[in-house]
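Engineer: In UniProt numbering, the protein residues as written are 1 to 145. Pasting a structure below so you can have a look.
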Amino acid sequence: QVDGIFHNGDSELKSDDPVWEGIHVVQGNMDFYDGYPERLVTQLGPTRIIQTHGHLFQINFSFQKLDLWAQEEEADICLYGHLHIPDAWKEGRTLFVNPGSVSQPRGLIRECLYAKIEIDDSNFKVEYYTRDHELYPELTKEFSR
């Protein structure tokens with residue numbers, strides 16, 4: 001059981017597709033249908049999660065604009081996509097996570113992946129899984145809250 005499912009854009013599905021029921025989803029640069037928000041802010045218990053695709057923050061060049069938005073929102077977690085490269089790091093109070101891509105991976109790791117974040121009172125644990133739901137242990141990271 002999970003508390004939230006997030007999709008960071010580029011599905012190319014219509015925004016009213018029934019598949020999105022119960023899923024937090026934002027518009028990617030390859031989503032050409034109206035109805036997707038460019039960014040979302042979600043409160044899951046005490047954890048504040050912000051989400052965007054990333055292209056509007058020019059993350060190909062720098063994470064500065066994304067980090068500034070995270071600071072403005074006092075985000076605990078910032079989810080983004082666009083690069084299709086799995087990555088997780090912490091800057092200040094915010095954990096930044098790119099889940100990679102389940103269909104078009106890029107970068108050095110060409111595995112189709114998604115991310116799972118476990119949260120407790122003192123830590124974040126980021127794990128990556130293949131499309132067959134097998135753990136990709138080389139990318140597992142833990143961060144203090």
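For each residue, glycine too, the CB sits at the ideal point set by N, CA and C. Keep in mind the model is a prediction, meaning the values are calculated, not measured.
#1: Using a Cβ-Cβ cutoff of less than 7 Å, which residues in the same chain neighbour LEU135 once the five nearest sequence positions on both sides are dropped?
#2: Does the structure place the stretch 25-36 close enough to the stretch 48-55 that three or more beta carbon pairs sit under 8 Å?
#3: List the endpoints of the continuous alpha helix (DSSP H) containing GLN71.
#4: Reducing DSSP to helix, strand and coil, say where residue 170 ends up.
#5: Please return the same chain residues whose Cβ sits closer than 6 Å to the Cβ of ASP10, not counting the five positions on each side in sequence.
#6: If I follow the unbroken beta strand (DSSP E) through ARG39, where does it start and stop?
#7: What is the DSSP secondary structure of PHE32, counted as helix, strand or coil?
Structural biologist: A quick look at the data gives this:
#1: GLU127 and TYR129
#2: yes
#3: 64-73
#4: Nothing can be reported for residue 170: it is not among the residues displayed for the chain, which extend from 1 to 145.
#5: GLY28 and MET30
#6: 39-44
#7: coil
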